[in-house]
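**Q** Quick note: the sequence shown uses the numbering used here, first residue 137, plus one each step.
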Amino acid sequence: MTPQSDEDEVWRQIVASFNETAEATSAGQPWPDRENVPTEDAPQQVKAEIPAETAEEDARPAAPEEDDGDHYVPPPPPPLPKMDSGTKIAWLALFGGPAYLLLAALLSWPMDGWIIFAAIAAFIGGFVALIVRMGDGPPPDSGWDDGAVV
137 MTPQSDEDEV WRQIVASFNE TAEATSAGQP WPDRENVPTE DAPQQVKAEI
187 PAETAEEDAR PAAPEEDDGD HYVPPPPPPL PKMDSGTKIA WLALFGGPAY
237 LLLAALLSWP MDGWIIFAAI AAFIGGFVAL IVRMGDGPPP DSGWDDGAVV
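Have a look at this one:
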């Protein structure tokens, strides 16, 4: 026989046994016997008896005051930092320009060319002002070493 005919025979056997059920294992389990846990090591189910006094206490609903003691109540958040007037104007320009254009379009207000230019310029100017004021350097009190602290 050639190796090709042996391979063909193996494939015929696989196809013929495709719909057959798998062999039953010795213990009727899908895993090998070496993975079985001995019965003395198996966890045992323990049923605890509840005293009658405790069962009566559990039947009553708990008071809401008792429940509040176990919950975490976070401290109040710190106040927001104060913004200087330049930052406030930049935020107003960033949102005010497009808001005016939207409101004017919805309410059919007359929009001259200079009004549209001023609203767009306010938006761009507010955006640029906020980006420039953002500051991308290290804090001034960080010292000469900008490396990691171990």
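We treat Cβ as the ideally placed atom computed from N, Cα and C, and that holds for glycine.
All figures in this text were calculated on a predicted structure; none of them were measured in a lab.
Are the CB atoms of GLY271 and LEU104 within a distance shorter than 8 angstroms?
**A** In the structure as shown, the chain begins at 137 and stops at 286. Residue 104 is therefore absent and cannot be evaluated.
**Q** Can you tell me where the alpha helix (DSSP H) holding THR175 begins and where it ends?
**A** Within the sequence shown, numbered from 1, the residue matching residue 175 stands at position 39. Per DSSP, THR175 belongs to no alpha helix (DSSP H) and is neither H nor E.
**Q** Would you mind reading off the limits of the alpha helix (DSSP H) that contains ARG269?
**A** Position 133 of the sequence shown, counted from the first residue, corresponds to residue 269. Element bounds for ARG269: 249-269.
**Q** Taking just the CA atoms, how far does GLN140 sit from TRP147?
**A** As a first step, residue 147 must be located in the sequence shown, where it is residue number 11. As a first step, residue 140 must be located in the sequence shown, where it is residue number 4. Near 11 angstroms, if we compare the C-alpha coordinates of GLN140 and TRP147.
**Q** Thinking GLY222 and ALA255 are a contact (beta carbons under 8 angstroms), I'd like their distance in whole angstroms, please.
**A** Within the sequence shown, the letter at position 86 stands for residue 222. Within the sequence shown, the letter at position 119 stands for residue 255. GLY222 to ALA255, Cβ: 20 angstroms. No contact.
**Q** Give the range of the alpha helix (DSSP H) segment to which GLY273 is assigned.
**A** Here residue 273 is taken as the residue at index 137 of the sequence shown, counted from 1. Segment: none, GLY273 is in no alpha helix (DSSP H) and carries neither H nor E.
**Q** Measure the C-alpha to C-alpha separation of TRP227 and ASP206 and round it to an integer number of angstroms.
**A** Here the question's residue 227 lines up with position 91 in the sequence shown. Here the question's residue 206 lines up with position 70 in the sequence shown. Cα to Cα, TRP227 sits roughly 43 angstroms from ASP206.
**Q** Taking 7 angstroms as the limit between beta carbons, can you name the residues of its chain near PHE259, skipping five residues before and five after?
**A** The count along the sequence shown starts at 1 and reaches residue 259 at position 123. Taken in chain order, the residues that qualify are ALA229, LEU230, GLY233, PRO234.
**Q** I need the DSSP call for SER153, collapsed to helix, strand or coil.
**A** Position 17 of the sequence shown, counted from the start, is the residue given in the question as residue 153. Coil, per DSSP.
**Q** Alpha carbon to alpha carbon, how far is ALA246 from ILE267?
**A** Sequence index remark: in the sequence shown, residue 246 carries index 110 (1-based). Sequence index remark: in the sequence shown, residue 267 carries index 131 (1-based). It should be noted that the sequence gives Pro, not Ala, for residue 246. Roughly 32 angstroms between the two C-alpha positions.
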